[in-house]
Amino acid sequence: MAPNLKSDEYYAILGCPRNADENALKKAYRKLAVKWHPDKNPDNEEAKANFQKISEAYAVLSDPKKRQMYDQYGKEGADMAEQGGAGGFPGGFHSSHGGFPGGGFSHGGMRPGEAEAFFASVFGGAGGDPFGFGGGGGMGGFSNISFGGPGGFGGMPGGGMHHHRGGFGGMPQQRQQQPRRPRAKTWNLVPDGTEVTIQNLVNKASLNGDRGVIQDYNDSNGRYVVKLEDSEQTISLKPANILQHAKCRIQGLEQSPEFNNADGRIIGWSAQNERYNVYIPSKNRVVSLRPTNVILKDNTVAKVVGLVSKPELNNKFGTIKAWNRDTNKYDVQLSMQQIIRVKVENMCIC
C-alpha cells in the first residue's frame, strides 16, 4: 500500500498494513523521512509538516507498548501509554530507540525539534550511513548543503517494470530459483551485487525510492533482475529504472574546497537540475553536485551522454577504466575492441 500523508492514521501514513513487522515499519519510515527531510527540502513547509507527521507515526508504532495501545484505542490510547511511560522526552515521551533531548511530545503533533531528534536517534547518531544497506548505521547530524554558482553546489529538488519469474510488480516468487551461473564479464552491464535505488517507475510508482541489489541481467528483454532490500522479492527493471549507489570522489569545487578529494556515494539524481545527490560519510553531508565535480571510481559502468563529435556513441554503456587528472577525462571501455576517451561530464550513471 502506498503512503498516504493526508491521512491521520499512522499505518496509512507510513504505507504499511497493520500487521507490518518492525523491519517493514523502519524501512517505510527511513524511505519517507529521507525523502521529506527539511534539509533536503529547504523553505518547503509541506515537507516540514510531512516529516513531522511521518516521525510521529513511526515514534508510536516503533514502541511496542504504544503500538499495542494505538491498535486498541487509537491515538488516545497511544497518549495514555505515553503518560504512563517513563524516560524519553520530559512529559513522559518514551521510545524504544531510547531517550533523546528536547521538549515534550505534544498532543498537537510532533514538533520540528522532536522530529529531528527522533530521526537522529533512529539512525544511531554516530556517523553511520542511513543510505547504506542492511538497516544499520545512523545519520547523526544529517544536513544538506546547497550552493549555487560555478564550481559550487546546486539546488536539490525533492518506466517500465516486470516481475521476475511470475507474479506482478514485485510479488513474492512462486517457485524456487535454481542456482545462477556467474555472469560473464561484459563492459556495458552493471555487475551483479551492485546496490541500486529504483527510480522513474510509472505503473508501480510506489516502488520508486526502494532499494535493492542486482542479481542478474536478462538478455532477452534487456532488464536487470533486482532483489529488493529486506525481502526475497525480485523485480525486472530497465536500465533507466535503476540508479547505482556508485562510489565517487569530489573535485573542482571553488566555493567549498574543503569537500574536494572527499570520497562519497551517489544516492540520487535530479534530471531537472542535472545534478547528483552525493552522500559524504566523512562529513556526514548530502550535497548536490554537477557531474563535472563527481569523479566516478574505476570499474564503474556508466552511460555516454552529450557527445557532439560522435553522437552515435550517446546512450551506450561502458566501464570506466581510469580517470586522467590532467585532462579531466575518462578512459572508457565500450567493448573488447573499443576504448574511448571522454570528458567527465560525458559519462553518467543517471
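Sequential numbering of the sequence shown, starting at 1, is according to UniProt numbering.
Every residue gets a Cβ at the ideal spot worked out from N, C-alpha and C, and that includes glycine.
Only a predicted model underlies this, so the values are computations on that prediction, with no experimental measurement involved.
Asked: 8 Å Cβ cutoff met for V305 and V190; Found: no
Asked: Simplified DSSP state of N41, which is helix, strand or coil; Found: coil
Asked: Classification of V226 by the beta-carbon crowding that lies within 10 angstroms, buried from 16 upward; Found: buried
Asked: First and last residue of the uninterrupted alpha helix (DSSP H) at K66; Found: 64-73
Asked: Short Cβ contact (8 Å threshold) for I295 with V344; Found: yes
Asked: Where the beta strand (DSSP E) containing I214 begins and where it ends; Found: 211-218
Asked: Residue(s) in a DSSP beta bridge with C348; Found: K303
Asked: Closest residue to G193 among I339, L228, N208 (Cα-Cα distance); Found: L228
Asked: Other residues of its chain near D230: CB distance less than 8 Å, five sequence neighbours each side excluded; Found: N23, A24, K27, G135
Asked: Simplified DSSP assignment, three categories, for V34; Found: helix
Asked: N-terminal and C-terminal residue of the alpha helix (DSSP H) that residue 351 is part of; Found: As displayed, the chain neither begins before 1 nor continues past 350, which places residue 351 out of reach and without an answer.
Asked: Pairwise C-alpha distance: A246 and R341; Found: 20 Å
Asked: Straight-line gap, Q333 to T234 (C-alpha atoms, nearest Å); Found: 30 Å
Asked: D216 versus E232 - alpha carbon distance; Found: 14 Å
Asked: DSSP-derived helix/strand/coil call for S121; Found: helix
Asked: Residues bridged to E76 [DSSP beta-bridge criterion]; Found: DSSP, once it has assigned bridges, lists no residue as partnering E76.
Asked: Residues that D21 bridges to, as DSSP identifies them; Found: According to DSSP, D21 bridges with nothing at all.
Asked: Closest Cα partner of N241 within the set Q338, D326, G268, R290; Found: G268
Asked: Range covered by the beta strand (DSSP E) that runs through L228; Found: 223-228
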